[in-house]
């Protein structure tokens with residue numbers, strides 16, 4: 000199985016996804032849309048993972064490459080590929096599917112509780128009704144028409160959605176690794192202001208081992224989405 004991951008900032012760490020892909024015997028290519036290179040055709044891959052980034056979906060004037068990335072994502076969805084969007088990735092999915100992205104009432108940074116809705120979806124089988132995940136976002140999205148709302152948090156009403164059987168968006172960061180979180184806390188320390196849903200760096204660092212459980216949940220989601228791909232390939 001061929002997988003593409005779209006990465007949007009240099010120190011993002013895709014190692015949790017790379018480890019899963021290697022263990023499964025899958026091929027993973029990591030591409031950076033901001034480089035402005037032509038993105039491959041949908042026929043070249045089976046599954047797409049869209050990672051997070053500090054930019055906003057609606058900043059095409061500042062980041063003109065976003066327009067091409069949106070077209071690439073839409074082409075993958077139209078071709079029936081399995082697509083997982085994380086943070087910025089979920090917001091991109093919302094927009095290309097007809098939703099909107101805007102500033103959330105509160106920034107959400109740190110380890111926060113995520114609650115599942117009553118909606119069921121194959122990708123979320125086995126995911127607890129409530130769990131704690133790493134968050135770092137100031138934007139939110141609306142649910143596209145026809146999508147299922149899968150999760151929410153106290154600070155943000157839209158934390159996860161599914162569109163059909165093979166498109167899933169996660170606002171939270173199950174993929175975050177301790178080294179990446181440490182770099183985020185350093186490079187983006189100016190965002191750690193006193194606010195209701197922004198935790199201080201020491202509190203975030205003290206809970207860093209939560210990433211182990213997060214990676215286990217991510218592995219389950221990726222396994223179930225890959226199984227969907229395998230059924231199509233057969």
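In this note's numbering, the protein residues as written are 0 to 233.
Think of the CB as a built atom: it goes at the ideal place given N, C-alpha and C, for glycine as much as any other residue.
{"Item": "Quick test of your reading: residue 132 and residue 83, contact by CB under 8 Å. State the CB separation rounded to the nearest angstrom.", "Value": "Not really, about 15 Å apart at Cβ, beyond 8 Å."}
{"Item": "Check whether the Cβ atoms of residue 12 and residue 178 lie closer than 8 Å to each other.", "Value": "yes"}
{"Item": "How about residue 151 and residue 96: are their beta carbons less than 8 Å apart?", "Value": "no"}
{"Item": "For residue 26, does the three-state DSSP call read helix, strand or coil?", "Value": "strand"}
{"Item": "Pick from 57, 103, 25, 108: whose alpha carbon is nearest that of residue 254?", "Value": "Only positions 0 to 233 of the chain appear in the structure, and residue 254 is not among them; the question remains open."}
{"Item": "Rounded to the nearest angstrom, what separates residue 58 and residue 200 at their Cα positions?", "Value": "28 Å"}
{"Item": "Mapping the DSSP letters down to three states, classify residue 214 as helix, strand or coil.", "Value": "helix"}
{"Item": "Using C-beta distances below 6 Å, list every residue in its chain close to residue 52, excluding the 5 sequence neighbours before and after it, in chain order.", "Value": "7, 8, 87"}
{"Item": "Let me know the secondary structure DSSP gives residue 46 once reduced to three states.", "Value": "strand"}
{"Item": "On the DSSP bridge list, what partners appear for residue 120?", "Value": "According to DSSP, residue 120 bridges with nothing at all."}
{"Item": "Work out the CA separation of residue 160 and residue 103 for me, nearest whole Å.", "Value": "17 Å"}
{"Item": "Assuming the contact rule is C-beta atoms closer than 8 Å, residue 5 and residue 30 should be a hit. Round their C-beta distance to whole Å, please.", "Value": "6 Å"}
{"Item": "From which residue to which residue does the beta strand (DSSP E) around residue 106 run?", "Value": "100–115"}
{"Item": "Quick one: complete beta strand (DSSP E) runs, 3+ long, within the segment 142–169?", "Value": "147–151, 159–162, 166–169"}
{"Item": "Report the three-state DSSP secondary structure of residue 193 (helix, strand or coil).", "Value": "coil"}
{"Item": "Taking just the CA atoms, how far does residue 40 sit from residue 275?", "Value": "What is shown of the chain runs 0 to 233, which leaves residue 275 out entirely."}
{"Item": "Considering just the uninterrupted stretch of the beta strand (DSSP E) at residue 85, what are its terminal residues?", "Value": "81–85"}
{"Item": "Reducing DSSP to helix, strand and coil, say where residue 131 ends up.", "Value": "strand"}
{"Item": "Of the residues 134, 203, 1, 38, which one's Cα is nearest the Cα of residue 153?", "Value": "134"}
{"Item": "With a CB to CB cut of under 7 Å and the five nearest residues on each side skipped, what residues in its chain are close to residue 75?", "Value": "41, 47, 82"}
{"Item": "What's the gap between the Cα of residue 222 and the Cα of residue 203?", "Value": "28 Å"}
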